[in-house]
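Chains as they are written, first to last, in the working numbering: chain A, 1 to 194; chain B, 1 to 436.
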Amino acid sequence: MATVDDMVPPGESPEPFHEEAHDPRRRDFINIAAVSFAGVGAVAIVLPLINQMNPSADVLAQSTTEIDLSKILPGQAIKTSFRKQPLFVRNLTPKEISEADAVDISTLRDPQTLEQRTKAGKKNWLITLGVCTHLGCVPLGAGEGENKGPFGGYFCPCHGSAYDTAARIRKGPAPSNLHVPDYAFNSDTVVTVG
Amino acid sequence: MSFPWAKQYEPKLPLTRWLDERLPVPRLVYNSLGGGYPVPRNLNYFWNFGVLAGAALAIQIVTGIVLAMHYAANGLVAFDSVESIMRDVNAGWFLRYAHANGASMFFIVVYTHIFRGLYYGSYKAPREMVWLLGVVIFLLMMATAFMGYVLPWGQMSFWGAQVITGFFSAIPLVGDTIRIWLLGGFAPDNAALNRFFSLHYLLPFVIAGVIILHIWALHIPGSNNPTGVDVKGEQDTVPFHPYYTAKDGFGLGIFMLIFAGLLFFFPNYLGHPDNYIPANPLSTPAHIVPEWYFWPFYAILRAFTADFILPAKLWGVLAMFGSILLLFFLPWLDSSPVRSMNYRPKARIAFWVLVADILILGYCGGAPATATYVILSQICAAYYFAHFLIILPLISRSERPRPLPNSITEAVLANHGGTSPAQTALSTASAPHSAH
Chain A
1 MATVDDMVPP
11 GESPEPFHEE
21 AHDPRRRDFI
31 NIAAVSFAGV
41 GAVAIVLPLI
51 NQMNPSADVL
61 AQSTTEIDLS
71 KILPGQAIKT
81 SFRKQPLFVR
91 NLTPKEISEA
101 DAVDISTLRD
111 PQTLEQRTKA
121 GKKNWLITLG
131 VCTHLGCVPL
141 GAGEGENKGP
151 FGGYFCPCHG
161 SAYDTAARIR
171 KGPAPSNLHV
181 PDYAFNSDTV
191 VTVG
Chain B
1 MSFPWAKQYE
11 PKLPLTRWLD
21 ERLPVPRLVY
31 NSLGGGYPVP
41 RNLNYFWNFG
51 VLAGAALAIQ
61 IVTGIVLAMH
71 YAANGLVAFD
81 SVESIMRDVN
91 AGWFLRYAHA
101 NGASMFFIVV
111 YTHIFRGLYY
121 GSYKAPREMV
131 WLLGVVIFLL
141 MMATAFMGYV
151 LPWGQMSFWG
161 AQVITGFFSA
171 IPLVGDTIRI
181 WLLGGFAPDN
191 AALNRFFSLH
201 YLLPFVIAGV
211 IILHIWALHI
221 PGSNNPTGVD
231 VKGEQDTVPF
241 HPYYTAKDGF
251 GLGIFMLIFA
261 GLLFFFPNYL
271 GHPDNYIPAN
281 PLSTPAHIVP
291 EWYFWPFYAI
301 LRAFTADFIL
311 PAKLWGVLAM
321 FGSILLLFFL
331 PWLDSSPVRS
341 MNYRPKARIA
351 FWVLVADILI
361 LGYCGGAPAT
371 ATYVILSQIC
381 AAYYFAHFLI
391 ILPLISRSER
401 PRPLPNSITE
411 AVLANHGGTS
421 PAQTALSTAS
431 APHSAH
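Put into structure tokens, the structure is as follows:
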């Protein structure tokens with residue numbers, strides 16, 4: 001049977017084919033091509049095996065939360081849940097706002113103003129995740145009578161990170177401010193987080 | 001892969017001869033753990049701990065498999081299923097306490113095994129691969145133990161998972177993505193609990209596989225010994241069976257006595273009471289601590305409190321992983337050709353300081369993060385790295401070792417072959433070494 005390797009009809013004497021003379025050899029090329037093809041296939045199969053570990057649809061479906069703000073008086077805070085993580089919603093008093101504004105931004109580890117961390121015209125509503133940016137403990141300070149730490153905001157009991165009234169990191173090992181999630185005001189008293 | 005004078009397996013029964021020609025498993029066992037493995041004649045009781053570690057793994061696998069028959073890896077019922085094991089399942093309390101305390105015993109044994117390797121220079125040529133595989137086993141053990149501790153889904157389980165997976169968020173740029181991928185969510189929940197259970201069941205068998213490689217690599221040069229001197233001839237060795245099967249059997253009896261004492265009289269001594277509170281994602285315990293066997297590493301993690309080029313959190317995580325990964329380089333950091341610390345007067349002092357340093361780190365890691373403990377952790381963490389990266393390399397180049405015995409047999413006959421570290425430390429402190 002005539003194949004690619006054997007194109008010369010029987011009877012005619014072909015040029016002797018010296019495989020060693022060709023570099024890379026035809027066989028090397030076929031080897032590399034075959035193994036590469038199998039390799040690409042193996043990598044393609046690994047992708048779903050890795051991707052299955054990402055959050056599933058039902059976990060992502062819980063990723064927005066509506067909050068009613070009407071019951072939170074100035075100076076109060078509530079602890080609610082967003083994506084199974086604690087969420088702090090705080091109604092700042094004018095004194096707390098002025099304390100936050102009085103800080104020189106350039107002295108902060110993670111420089112942000114209170115304006116940048118709240119919505120325009122809603123500067124008293126500080127909405128942050130209740131997850132310490134160090135190693136993920138829930139800081140104290142949102143509940144009634146809890147230790148608010150030396151800067152009057154939040155205090156993480158695990159490794160002593162202290163946050164100010166804008167929930168910015170001021171002291172301790174945490175690298176950044178308490179995270180502000182994406183949210184929007186639906187009305188004056190209802191926000192949708194996520 | 002053995003000394004030329006090793007005894008050969010000779011099957012006597014027709015059945016064993018038939019088997020040996022087709023699947024020589026009895027021959028493999030004979031050459032690994034039987035009369036066919038010649039071992040230095042002067043091993044002390046520190047050499048029991050390899051076999052003890054194997055026994056501890058076997059106990060964990062057996063108790064673990066039966067516990068998995070009653071445990072439910074679901075955030076809603078995991079805690080209750082563990083309580084049901086404790087109260088309702090026949091002998092469930094025994095199995096769970098054996099598994100929980102068995103993990104502690106496993107670490108006690110493995111830490112002693114590592115101590116033995118460090119003191120007697122078992123990590124040096126030609127046993128580097130034995131050491132490297134040992135560090136791999138240690139890392140796998142830590143991962144397995146951590147994931148196992150999450151399964152009861154108590155407060156320490158949950159917050160331990162939160163803190164440990166939080167390490168990965170310290171990685172710049174991709175850290176949070178990696179953490180969410182590891183957890184399968186934004187915080188530890190069902191997805192995380194299920195995959196931890198799956199991996200907690202898998203990894204012990206991976207450990208068993210690496211242990212086979214560890215023993216295989218060991219049996220090429222053969223076991224080290226308290227003098228650190230190479231085996232010179234047949235007079236230096238005895239067959240593993242019956243000499244060391246008997247000695248290990250005795251050690252195993254002592255191990256089981258201590259294990260039983262812990263299991264039956266202090267089953268919760270090494271645990272944390274907060275783990276009997278169901279996991280609550282909205283309330284952090286006042287004082288999160290890992291299990292005792294992670295304390296030294298936890299202290300290193302917490303020792304970094306100030307930013308320096310990189311954030312403090314990233315430094316802490318790098319240092320904690322670095323403190324273990326450093327051990328992979330030990331065979332090349334310590335360039336002294338003398339293995340046993342018994343013959344290295346300076347390195348031996350540094351060794352004992354390191355042991356004290358790790359014990360203090362362990363104490364700090366279990367204590368609350370107050371200023372005193374943080375400063376103490378910082379000093380001890382600095383010393384830990386200095387020991388491996390500065391002190392040991394320098395000593396190994398400058399030190400003048402004491403004269404080595406010409407052979408194991410000579411050391412044994414001079415009654416110095418089986419000296420324990422404590423005896424030698426005392427004898428060198430108080431008396432001149434006339435025997436050398």
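Beta carbons: idealized from backbone N, C-alpha and C, even for Gly.
Taking 8 Å as the threshold, the shortest C-beta distance from arginine 168 (chain A) to chain B does not fall below it.
Within the DSSP secondary-structure output, aspartate 68 (chain A) pairs in a beta bridge with A:Val190. Identification of residues in the stretch 155–170 of chain B having a C-beta nearer than 9 Å to some C-beta of chain A yields Trp159, Gln162, Val163, Ile164, Thr165, Gly166, Phe167, Ser169, Ala170, given in sequence order. Taking 8 Å as the cut-off between beta carbons, the residues of the stretch 66–97 of chain A near chain B are Lys79, Ser81, Arg83, Lys84, Gln85, Pro86, in sequence order. No Cβ-Cβ contact shorter than 8 Å links valine 229 (chain B) with proline 345 (chain B).
Residue environment analysis places threonine 128 (chain A) among the buried positions, since at least 16 neighbouring C-beta atoms fall within 10 angstroms of its C-beta. Note that the C-beta distance between leucine 392 (chain B) and aspartate 334 (chain B) is below 8 Å.
Of B:Leu15, B:Ser157, B:Leu95, the smallest CA-CA separation from aspartate 274 (chain B) is found for B:Ser157. Shown here, proline 55 (chain A) sits in coil according to DSSP, grouped into three states, outside any helix or strand. The Cβ of glycine 149 (chain A) sits no closer than 8 Å to any Cβ of chain B. Chain A has a Cβ within less than 8 Å of the Cβ of phenylalanine 186 (chain B). For proline 311 (chain B), the C-beta contacts it makes with chain A under 7 Å involve Pro175, in order along the chain. Looking at the DSSP output, alanine 184 (chain A) shares a beta bridge with A:Thr192. DSSP lists A:Ala162 as the bridge partner or partners of lysine 171 (chain A).
Interface residue (Cβ-Cβ distance to chain A less than 8 Å): threonine 227 (chain B) is not classified as such. Per DSSP, the unbroken alpha helix (DSSP H) holding alanine 260 (chain B) starts and ends at 245–265. The criterion of a C-beta distance shorter than 8 Å is satisfied by alanine 191 (chain B) and valine 59 (chain A). Secondary structure at tryptophan 125 (chain A): strand, using DSSP grouped into helix, strand and coil.
Classified as buried, valine 138 (chain A) has 16 or more neighbouring CB atoms from the shown chains inside 10 Å of its CB.
For arginine 90 (chain A), no alpha helix (DSSP H) segment is defined; the enclosing uninterrupted segment is the beta strand (DSSP E) at 85–91. Under the three-state reduction of DSSP, valine 103 (chain A) is assigned to coil, being neither helix nor strand. Cβ-Cβ distances below 7 Å link tryptophan 93 (chain B) to Met86 in the same chain, with the five nearest sequence neighbours on each side left out; the list follows chain order. Beyond the five residues adjoining it in sequence on each side, serine 340 (chain B) comes within less than 7 Å, by CB distance, of Tyr120, Gly121, Pro226, Thr227, Gly228 in the same chain, given in chain order.
For serine 104 (chain B), no beta strand (DSSP E) segment is defined; the enclosing uninterrupted segment is the alpha helix (DSSP H) at 92–119. The three-state reading of DSSP puts tyrosine 293 (chain B) in helix, counting H, G and I together. Chain A has no Cβ within less than 8 Å of the Cβ of proline 242 (chain B).
Close to chain B, meaning a Cβ-Cβ distance shorter than 7 Å, are the following residues of the stretch 128–139 of chain A: His134, Leu135, Gly136, Cys137, Val138. In the DSSP assignment, proline 38 (chain B) falls within the beta strand (DSSP E) that extends over 38–40.
Closer than 7 Å at the C-beta level to chain A, one finds no residue of the stretch 53–72 of chain B. Judged by their CB atoms, proline 150 (chain A) and serine 161 (chain A) are not nearer to each other than the 8 Å cut-off. Contact annotation for isoleucine 300 (chain B) against chain A: no contact, minimum CB-CB distance about 13 Å [criterion: below 9 Å]. In the three-state reduction of the DSSP assignment, isoleucine 360 (chain B) falls in the helix class.
Taking a Cβ-Cβ threshold of 7 Å, none of the residues of chain B is close to valine 103 (chain A); the smallest such distance is about 18 Å.
CA-to-CA, the gap between leucine 359 (chain B) and glycine 117 (chain B) works out to about 18 Å. At least 8 Å separates the beta-carbon of phenylalanine 186 (chain B) from that of isoleucine 178 (chain B). Within 9 Å of the CB of valine 59 (chain A), the CB atoms of chain B belong to Gly184, Gly185, Phe186, Asp189, Asn190, Ala191, in sequence order along the chain.
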